[in-house]
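Oh and the sequence shown: position 14 is 14 in the UniProt record's numbering, straight run, nothing missing. The C-beta atom is built at its ideal place from N, Cα and C for all residues, glycine as well.
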Amino acid sequence: MRLISAYAPPTFTKPVLLLSTAVHTHNITGKIDENETAIYFIEALNVNHALNRFDFTDGGWKAIKYHKSQRKAVKYHTKLTAKLCRSNKTHYEFYLVLLHLYGDK
């Protein structure tokens, strides 16, 4: 299972943020072997343009958190997405923090 969220900043001079949380089950017992949230910044005009251009095999993805369970992975993803999508100024400030921490320097 993979969750993908996108955030386009209110300016064309900043890249679009893509957030991906992947939950993989690889063994016969159903034990979850990998749960990670990764972030990717892509130059694009808007969210739709970014979603049409990104590639999971691109090396630009940066893992920002590993999770012990599927439930925790989904909860973390939705919490970050909600923080980016709030209708106040803090969403853009939060985006800038993520860009500073995980964007290309």
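Assuming A63 is part of the beta strand (DSSP E), what are its boundary residues? K62 to Y66
Sufficient close CB pairs (3 or more, under 8 Å) joining the region 16-25 to the region 67-76: yes
Looking only at C-alpha atoms, which of T11, L84 and W61 sits nearest to T37? W61
Below 8 Å CB to CB, which residues in the same chain sit around R2 once its five sequence neighbours on both sides are set aside? S20, T21, A22 and V23
Is it buried or exposed for H77, if we count other Cβ within 10 angstroms and need 16 for buried? By the 16-neighbour rule on beta-carbons within 10 angstroms, H77 is buried.
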